[in-house]
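Student: Protein chains in written order, with this note's numbering: chain A, 1 to 539; chain B, 1 to 286; chain C, 1 to 484.
Where a beta carbon is used, it is the ideal one built from N, C-alpha and C, also for glycine.
The structure that follows is given in the form of structure tokens.
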């Protein structure tokens, strides 16, 4: 059933169960609001979205007032504007607000770096959230020029005691979004309002740390925070990203849809594409640090004498192909795991069969912790491996080993050829989730140094070996060759992935690499014993 | 090794660090700076001296946490040892009899003008200290400055204490009202120093600013800190830190200060420590 | 025993080194050094002349045939000790001395063939001693109770310190930077002078009893006069180096991306920027680097830039023959793939709106008449200006003496270039009890020259400390003219 009402004199049609605010926003009419958020049920605490409605007393909050047939709403009267400004002024009395009323702000910001490195934010000037801050937007909308009385500073210590999340509660306006999203996403909220009156703050019961309080580190609280008080301790330094790409998480087969941001081509952050259901700590926090590690393999190298010598791709592939020609037939094996894209794996298989004439294409399905292990068939003398999937002792019987990976490992150190691979959000392609659905992987950032997509490495290696039929230009070409169904993102799922409900359920390995060796914060989280489900029961 | 004797957050993000460094305390003069390395792997970063005591051998710095190097310092505790402290460096500010001297300062500069004010007053100048902050809770050293200046003016950008506005607004008003200022010294962020220079220039008031470009050795050896003053190349570490505000190429200074912004962020994102809650801290006792 | 003929038949032994293709990707030292076998083979080439000329070529008068004879006998540790009688820092000299212009050029074996590789043998002996057990301690003379202050822990200062501590004086070395070694630490790259070698030589001096005070800036923490008058020092040696970089004076030199070689090298060497982010100082890692200059410092900068990953071009206004860099350094640079644009001179550096370098304008040069230095003066070719795309420019055209000490000691006599005036026989400055040596005296020169001056200074300081007087000047050269 639809209802018709007028907002600021314009007739609009409301959907069933819609609030006045939702209806206005959907009709592209703006009403300032703060405590409400698309991922959250109405709350009606901040009084920012006040409106006037004919026949209703006072100034109802549009976020919690359902629409009614024939309603006449005024969103922008002098009275509501004055009330909103008063509300904002009150909020700003406990938020470092001087920059908002500074007459030199524009000039100052022109000379300031885009990203700030200050530890403690005492104004917009050093706030990394300034470009996406909702308070700033409101203060502009409401022409805030001065504060009625002196503001106060709560003098809360900056909280840096937890992995992944930093808190500066001096910026907090107590809108409660973080607590509400935590309640909505998890059976039991980790955070709550603690203390009373002017001492009220966001925190954990009994002063525990987030880790001790059982935080799942889904990061949803950061995503809904309108200020800079909650921040992603890795991503915050880069300020507002200059590009955002929608892609799929490949840390596990839950294959959650991610929105991955980048600055100057470098991946800087990741979060759930839609915040309806939380994602796990790896998807939310581990990706940028994993792909940006300083020890990433960035240049091809080939063993010359005793040393692995770095050299240009062309030369490395040329030398590799020359040597590889000695190992055709079943003396060659290729070992990969399913964290490589479908396209990559298709080409790996073709390479093994068509170029090497071998039957040993070995594709490993990682276990529930992400560990991939395989043995080499008898008679194999040369191998290409995309990760450390084989016991080091097994390598002794190889005469020639090519490792194509993102980080050095015990086996890459023994390899004859090491080729730097682009992984995860650095490549395009398709992955298959635990239910067998195709999910798209889209490139969100540049691979480091000379690292390349794996399909491309294999195509060029095939080319160097003189093989025909490998002249593919893009991952899309291969997808077409594969003829798979269209890959679709999974933005909303019924149940949260198991690791989002309990970080102990997370994967510990990705592509043969221990994630905690690459992502510092993960070390602080426990790993549970026992079987690991893909999605939590119930959600 | 140099022991931290005392450390205190005198205003949010503004840390007073007192270090045992007798050789420095014995020689320090107003306007000079030190180069610190928290540990053997640190960068060499300059910090302006705030105060010192030749008798006890203690030197006081005001450190803003504004990146990886300063973060290392402010996370140290009294009793900890700073690996390297070098100084006093730079040409001291000329403390002569000038007449009326206005000292304008913001953020770390508020600490830096303490010793300048004291020396200027001792040299029989009338000292007006004008300190700016965004809000009242960001002011510090009020009592200390009042003691060493003839007039202390505090401004806040939000008007929550003292005069509403910036230090430069006070100087501008006084000059427009015909007050005679013989020398203006500005210590603070480059933005503030540039604005102040712009306002004093038409009144032909000599204005010195303490420039703080990136430095490496701090003794003239590397030239990282070069600045253009009246079109001439100067090294802030050995020719400065004080220069004529009206002759500095500010745009160049800005861009040179930002030379490593990307690397600096790379550094903080990789190294931000997980700092345990301290027993007794507010978050610990709730 | 080998006959002379047999000795002359042995070819000069090459030092094994990392292949250029490998070494451009790391900061490890380029030559591996001789093995014991190679060292003995090379040592066997020495004819043990009765009147060895090589010693004349050595600024510090090492008993070259003496230490080589010990290597011939396989007494490597003894060889190192022999070296240390005259040279406190053999591992350093073996690496950076221009032997081809000093000892080796005088070697008689070199008249018909290749000279004995004295430098490589020196390096071998010193490295062998360091790698194999305890470094032997020389006998120290009885304490004199005299205090010597040395300003600067570079090659000159370290030499003076080593000599005077052995002579029984108490020695304190003041260093402004946070690590001792001076140019060996901040200037010469790891791949040419491993910092571990410098550290070991300094440790040796510390074991002998030398006190090192880091982070101490003479001129700021104390003046030279205060050291003498208030702090109880009986004599002072100034070895503060040539610490002030020269720039070209062309437009655009303050752009972001233009560095003095000092800054560029200090970041990489002293601050270990190539190990960022383990070390906090960020490296200057760019795509296209131009290094201006033709000396050893230019070669060091260019090879450092290459290792940080970039295309590197050396731009030098004169011709190859006139490059002041050692042949070996130029050769290594060429081998590693550094491009040389000789007879070219930058006239302006251009940048973008953020003051970042985008390109450099150069002009071609041709050689004209010889100038004061006897080298043919380069003159610009009219209308030959061209633009080079670069994002980094390293200016390696030399250094001026650091003015900090002269400024705070106005009575000290200086040359018009700002270097300190000394009596070349004693290295005493215009002030009694104050000696100087190294680049603060000779302008930007070599490590060994600084060490040679350090040795002279140490001798005269010892004399002065014992007698209150400088030694008599040596007799005039044997030229037949009667003394005036």
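What is the residue span of the beta strand (DSSP E) that residue 212(C) lies within?
Tutor: As a position in the third chain, residue 212(C) is number 212, starting the count at 1. Start and end: 211-213.
Student: Per DSSP, residue 170(A) forms a beta bridge with which residues?
Tutor: Here residue 170(A) corresponds to residue number 170 of the first chain, with the count starting at 1. Answer is none; residue 170(A) lacks a bridge partner.
Student: From the DSSP secondary-structure annotation, give me the bridge partner or partners of residue 64(C).
Tutor: Counting from 1 along the third chain, the entry for residue 64(C) is found at position 64. Answer by DSSP bridge pairing: none, since residue 64(C) is not bridged.
Student: Interface residues of chain A around residue 71(B) at Cβ under 7 Å?
Tutor: The residue given as residue 71(B) occupies position 71 in the second chain. Residues of chain A passing the Cβ test: 119.
Student: How would you write the range of the beta strand (DSSP E) that residue 52(B) sits in, first residue to last?
Tutor: Reading the second chain from its first residue, position 52 is the one you call residue 52(B). 45-53 is the span of the beta strand (DSSP E), which, as asked, contains residue 52(B).
Student: Rounding to the nearest angstrom, what Cα-Cα distance links residue 136(A) and residue 64(B) in this structure?
Tutor: Locating residue 136(A) in the first chain gives position 136, counting from the first residue. Locating residue 64(B) in the second chain gives position 64, counting from the first residue. So the two alpha carbons sit approximately 25 Å from each other.
Student: Contact check, residue 481(A) vs residue 447(A) under 8 Å by CB: the rounded distance?
Tutor: Here residue 481(A) refers to the residue found at position 481 of the first chain. Here residue 447(A) refers to the residue found at position 447 of the first chain. 23 Å between Cβ atoms; not a contact.
Student: Answer yes or no: do residue 291(C) and residue 396(C) have a C-beta to C-beta separation smaller than 7 Å?
Tutor: In the third chain, counting from the first residue as 1, residue 291(C) sits at position 291. In the third chain, counting from the first residue as 1, residue 396(C) sits at position 396. In contact: residue 291(C) and residue 396(C) (Cβ atoms closer than 7 Å).
Student: Just the Cα atoms here: how many angstroms apart are residue 349(A) and residue 433(A)?
Tutor: Within the first chain, numbered from 1, the residue matching residue 349(A) stands at position 349. Within the first chain, numbered from 1, the residue matching residue 433(A) stands at position 433. Going by the C-alpha atoms only, they are around 20 Å apart.
Student: Going by CA-CA distance only, name the one from 39(A), 134(A), 217(A) that's closest to residue 165(A).
Tutor: By one-based count along the first chain, residue 165(A) stands at place 165. The shortest C-alpha separation from residue 165(A) is found at 217(A).
Student: Would DSSP call residue 425(C) helix, strand or coil?
Tutor: By 1-based counting over the third chain, the position of residue 425(C) is 425. Residue 425(C) falls in the coil class under three-state DSSP.
Student: Is the shortest distance between the beta-carbon of residue 307(C) and the beta-carbons of chain B less than 7 Å?
Tutor: The residue given as residue 307(C) occupies position 307 in the third chain. Chain B, which has no Cβ nearer than 7 Å to the Cβ of residue 307(C), makes this no.
Student: Where does residue 142(C) land, buried or exposed, given buried means 16+ other C-beta within 10 angstroms?
Tutor: Here the question's residue 142(C) lines up with position 142 in the third chain. Residue 142(C) comes out exposed.
Student: Does DSSP classify residue 359(C) as helix, strand or coil?
Tutor: Taking the first residue of the third chain as position 1, residue 359(C) is located at position 359. Three-state result, residue 359(C): strand.
Student: Should residue 237(B) be flagged as near chain C, meaning a C-beta pair shorter than 7 Å?
Tutor: For the purposes of this step, residue 237(B) is taken as the residue at position 237 of the second chain. With 7 Å as the cut-off, residue 237(B) does not count as an interface residue toward chain C.
Student: Helix, strand or coil for residue 316(C)? Go by DSSP, reduced to three states.
Tutor: Numbered from 1 along the third chain, position 316 holds the residue referred to as residue 316(C). If DSSP states are grouped into helix, strand and coil, residue 316(C) belongs with the strands.
Student: Throw me the rounded Cβ distance for the residue 524(A) and residue 163(A) pair, which I believe falls under 8 Å.
Tutor: As a working mapping, residue 524(A) is identified with position 524 in the first chain. As a working mapping, residue 163(A) is identified with position 163 in the first chain. Right, the Cβ-Cβ distance comes to about 4 Å (below 8 Å), so this counts as a contact.
Student: Would you kindly check if the distance between the Cβ of residue 16(B) and the Cβ of residue 5(B) is under 7 Å?
Tutor: Indexing the second chain from 1 puts residue 5(B) at position 5. Indexing the second chain from 1 puts residue 16(B) at position 16. Result no, Cβ atoms of residue 5(B) and residue 16(B) do not sit closer than 7 Å.
Student: If residue 453(C) and residue 375(C) are in contact, beta carbons under 8 Å, what's the gap, nearest whole angstrom?
Tutor: Within the third chain, numbered from 1, the residue matching residue 453(C) stands at position 453. Within the third chain, numbered from 1, the residue matching residue 375(C) stands at position 375. Actually they do not touch by this definition, with Cβ atoms about 24 Å apart.
Student: Find the residues of chain C that neighbour residue 42(B), judging by a C-beta separation of less than 7 Å, and give them in chain order.
Tutor: Position 42 of the second chain, counted from the start, is the residue given in the question as residue 42(B). Chain C residues near residue 42(B): 280.
Student: Mind listing the chain C neighbours of residue 311(A)? Cutoff is C-beta to C-beta under 8 Å, in chain order.
Tutor: The count along the first chain starts at 1 and reaches residue 311(A) at position 311. Ordered by position in chain C, the residues that pass the 8 Å Cβ test against residue 311(A) are 21.
Student: Check whether chain A comes within 7 Å of residue 191(B), counting only Cβ atoms and requiring the distance to be less than that.
Tutor: For the purposes of this step, residue 191(B) is taken as residue 191 along the second chain, with counting starting at 1. Interface residue, yes.
Student: Beta-carbon within less than 7 Å of residue 539(A)'s beta-carbon, same chain only, minus the 5 sequence neighbours each way: which residues are those?
Tutor: The residue you call residue 539(A) lines up with position 539 of the first chain. Per-residue confidence for residue 539(A) stands at a pLDDT of 34, beneath the threshold of 50, marking its modelled position as unreliable; no derived number is given.
Student: For chain A, is any of its Cβ atoms less than 7 Å away from the one on residue 25(C)?
Tutor: Within the third chain, residue 25(C) is the residue found at index 25, counting from 1. Cβ-Cβ to chain A under 7 Å: yes for residue 25(C).
Student: Roughly how many angstroms lie between the CA atoms of residue 472(C) and residue 459(C), to the nearest whole one?
Tutor: Here the question's residue 472(C) lines up with position 472 in the third chain. Here the question's residue 459(C) lines up with position 459 in the third chain. So the two alpha carbons sit approximately 12 Å from each other.
Student: Closest to residue 21(C) by C-alpha separation, out of 270(C), 393(C), 463(C), 335(C), would be which residue?
Tutor: In the third chain, residue 21(C) corresponds to position 21, counting from 1. Comparing Cα-Cα distances from residue 21(C) to each of 270(C), 393(C), 463(C), 335(C), the minimum goes to 335(C).
Student: Between which two residues does the beta strand (DSSP E) carrying residue 152(B) extend?
Tutor: Walking along the second chain from the start, residue 152(B) turns up at place 152. From DSSP, the beta strand (DSSP E) with residue 152(B) extends over 151-156.
Student: Can you check which of these residues, 417(A), 469(A), 101(A), 505(A), is closest to residue 297(A) by C-alpha distance?
Tutor: Within the first chain, residue 297(A) is the residue found at index 297, counting from 1. Here the closest residue by C-alpha is 417(A).
Student: Any beta-carbon of chain B closer than 7 Å to the one on residue 455(A)?
Tutor: Position 455 of the first chain, counted from the first residue, corresponds to residue 455(A). No, residue 455(A) does not count as interfacial toward chain B.
Student: How long is the line joining the alpha carbons of residue 143(B) and residue 157(B), rounded to whole angstroms?
Tutor: Counted from its first residue, the second chain places residue 143(B) at position 143. Counted from its first residue, the second chain places residue 157(B) at position 157. Distance between the alpha carbons of residue 143(B) and residue 157(B) is about 21 Å.
Student: Would you say residue 51(A) faces chain F, with C-beta separation under 7 Å as the test?
Tutor: The structure shown contains no chain F; its protein chains are A, B and C.
Student: Looking at the C-beta of residue 66(B), does it have a partner C-beta in chain A at a distance below 7 Å?
Tutor: Sequence index remark: in the second chain, residue 66(B) carries index 66 (1-based). Yes, residue 66(B) counts as interfacial toward chain A.
Student: Does DSSP put residue 337(A) in a helix, a strand or coil?
Tutor: Numbered from its first residue, the first chain carries residue 337(A) at position 337. Of the three classes helix, strand and coil, the one that applies to residue 337(A) here is strand, per DSSP.
Student: Under the three-state reduction of DSSP, which class applies to residue 232(C): helix, strand or coil?
Tutor: Counting from 1 along the third chain, the entry for residue 232(C) is found at position 232. Coil at residue 232(C), not helix or strand.
Student: Classify residue 50(C) as buried or exposed, calling it buried when 16 or more other Cβ atoms lie within 10 Å of its own Cβ.
Tutor: For the purposes of this step, residue 50(C) is taken as the residue at position 50 of the third chain. It counts as exposed.
Student: Anything in chain B within Cβ reach of residue 247(C), meaning under 9 Å, just list it in chain order.
Tutor: Locating residue 247(C) in the third chain gives position 247, where the first residue counts as 1. The contacting residues are 223, 226, 233.
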